[in-house]
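Mind the numbering: the sequence shown is residues 4 to 259 in the working numbering, read in order. Every residue, glycine too, gets a C-beta built ideally from N, C-alpha and C. Note that this is a predicted model, so its numbers are computed, not measured.
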Amino acid sequence: MTRQLFPAEPRWALPRTRRPARDETTGSYLLRLAAANRITSTDLIHYLTAGTALSAGKVSLRALAVASGHPPLALAYALPQLRPQHPGHQSMALAGRTLPGKPNTVRPACRRCAAAHPPADRIDIWYRHEQTICRRHQLWTGTGADHPADQPHLAGHPEIVRAQARHLRLIRRHGRHVVRPAYDTACLVWEAIAYRGRGMPPLTARHLPLPARPGHPDRAARPPGSVHAAAYPEVMTLTELLASPRWRPAAMPGSA
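Written out as structure tokens, the structure is:
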């Protein structure tokens, strides 16, 4: 039935278009494009794939460029999952761009940045491990912020914002291949310390207010986003120690 409705890939742009956000997932962009045109995402995927698929992963860059009205190159820069389909992707300037898949993860974009890309309530983007704070709006977007309402405001906690700068400097100094495992280890160690005995140490019991989320009466409990944000400066201190080459000779067998 869908092949009869959509016998070929798109030839014309949809009535309403939407600009993709940087590093947005393909599924997130399709949801917003469908909402703007008041159709379901399933119908949009059928339209883009000539009725042959139900998955966003089957959508081609060429078809989406026609339907959205945006040039293929612009979409390839913004949407990491479609980037390999561009014929010139190997020569694209991708410094600082996020790649799809592990070890990178998908989380909601900063809720205030997302407000500039209506009509969706949220935009899902690919994050590298060091992308933990929206520095423009000072909102935590790192680990634990799995919903836009779980992004605490950090304006009253400059030490958390400075920890992001320390994180980026550490990557420039040692490389992401060194800092990423050090950071992951530091998170595990600090979590073991924080939840042993009395729980969160007083040092990291920072008050991070969250916006109200309708329909969720349990907002008084500390959500994962605020917990991870509160511990970020201490985690980065431990990360700096683990990433430093100075302690490694002492840890080798036979050292004095």
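Rounding to the nearest angstrom, what Cα-Cα distance links residue i and residue j in this structure?
i	j	result
threonine 108	tryptophan 15	33 angstroms
threonine 52	proline 121	25 angstroms
proline 18	alanine 158	40 angstroms
leucine 245	alanine 185	6 angstroms
proline 236	glutamine 88	40 angstroms
glutamine 93	leucine 171	26 angstroms
methionine 239	histidine 156	19 angstroms
leucine 67	proline 111	22 angstroms
threonine 20	alanine 234	41 angstroms
alanine 166	alanine 56	44 angstroms
serine 63	valine 181	36 angstroms
proline 75	alanine 197	48 angstroms
Does DSSP put residue i in a helix, a strand or coil?
i	result
leucine 142	strand
isoleucine 136	strand
glutamate 237	helix
histidine 160	coil
glutamate 3	Residue 3 lies beyond the stretch modelled for the chain, which goes from 4 to 259, so this question has no answer here.
serine 94	helix
arginine 19	coil
glycine 66	This sequence places alanine at residue 66; glycine is not what is there. Correct three-state label for alanine 66: helix.
cysteine 113	coil
aspartate 153	helix
Classify residue i as buried or exposed, calling it buried when 16 or more other Cβ atoms lie within 10 Å of its own Cβ.
i	result
alanine 189	buried
alanine 168	exposed
arginine 41	exposed
proline 13	buried
glycine 228	buried
glutamate 27	buried
proline 106	exposed
arginine 139	exposed
Name the one or two DSSP bridge partners that residue i has.
i	result
threonine 108	Tyr130
glutamate 243	Answer by DSSP bridge pairing: none, since glutamate 243 is not bridged.
Sort the options by Cα distance to residue i and report the nearest one.
i	options	result
leucine 97	Trp250, His160, Arg183, Arg25	Arg25
glycine 91	Leu78, Gly99, Pro103, Thr101	Leu78
isoleucine 126	Cys113, Cys137, Arg65, His231	Cys113
arginine 175	Gly54, Ser247, Arg22, Gln84	Ser247
leucine 2	Lys105, Thr28, Ser71	There is no way to answer for residue 2, as the model of the chain reaches only from 4 to 259.
alanine 148	Lys61, Val230, Pro103	Val230
arginine 100	Arg115, Ala119, Tyr80	Tyr80
leucine 211	Arg138, Ile136, Tyr32, Gln154	Gln154
proline 103	Leu241, Gly30, Glu194	Gly30
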